[in-house]
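Going by my numbering, the sequence shown opens with residue 82, and the numbers climb by one from there. Ideal Cβ positions, reconstructed from N, Cα and C, are used throughout, including at glycine. Predicted model, so just to flag it, every value in this text is computed and none were measured.
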Amino acid sequence: MHTLSVQQLYALRLAIFDNAAALHHESELLLRNEMYSRAYLLAHFCIEELGKIPILIGVISRLEKNEAVDWKDIKKRFTSHVSKIGSQNGHFYAFGRTSEVVGDSGIPWLIAANRSVPESYNKKNLSTYVDVKDGAILRPSDAIDKNGATKLVSYASDCLNAHRRSEELTNPIVYEAHEGGRLWEHAD
């Protein structure tokens, strides 16, 4: 990644967004087909993928100011599940348009969201792998119910909408190429 130009890093942001959108689309298909654990898994992957974008925004900002970038730290954050989810929570706090993050009420939401990252990561693993706990076999299909999957797929959709807005405002590839209109359908 350290060999990419700033322009290529902007393009990488869009590639990440596109992949996250595909993951979300697939999570919706799984949800509609009552495959709740896998819907949860792909929605979680969508959120993790989106969490890479704010990390890149920080890199681009430093490069544009001719400041040093700690590429080792960036690589670590780029591959850390916890860092990516925390990054996405911060982005959603800044750009999300839901009642949970409006005004001062958003601060308790952000604190709670960041505290719940380990639980979210554990649920992602439960939605993926068979496990054993206290002598009981835990199957992914038993770990995630319709409500849990629906909530996470919905949150992933809200995160995608927040990224659509921020990319339109901050990514020159988007706003230079599409000054006359919106890049994505269904963006609010």
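Segment limits, alpha helix (DSSP H) that includes residue i
i	result
Asp154	Trp152 to Thr160
Gly85	The question names Gly, but residue 85 is Leu in the sequence shown. No alpha helix (DSSP H) holds Leu85; DSSP gives it neither H nor E.
Ile128	Tyr117 to Leu131
Ile188	Gly187 to Arg196
Three-way DSSP call (helix, strand, coil) for residue i in this model
i	result
Lys205	helix
Ile254	helix
Ala96	helix
Ile166	helix
Ile225	coil
Ala149	coil
The beta strand (DSSP E) enclosing residue i, as first and last residue numbers
i	result
Asp212	Asp212 to Lys214
Sequence-distant residues of its chain with Cβ nearer than 7 Å to residue i (five each side left out)
i	result
Ile254	Tyr91, Ala92 and Leu95
Neighbour-count burial assignment, residue i, 16 or more Cβ in a 10 Å radius
i	result
Tyr210	exposed
Gln169	buried
Leu250	exposed
Cβ shell of residue i (< 6 Å), same chain only, five flanking positions each side left out
i	result
Arg158	Ile136 and Ser164
Cβ separation of residue i and residue j, assumed to be a contact under 8 Å, to the nearest whole Å
i	j	result
Phe126	Leu110	That belief does not hold up - the Cβ atoms of Phe126 and Leu110 are roughly 14 Å apart, past 8 Å.
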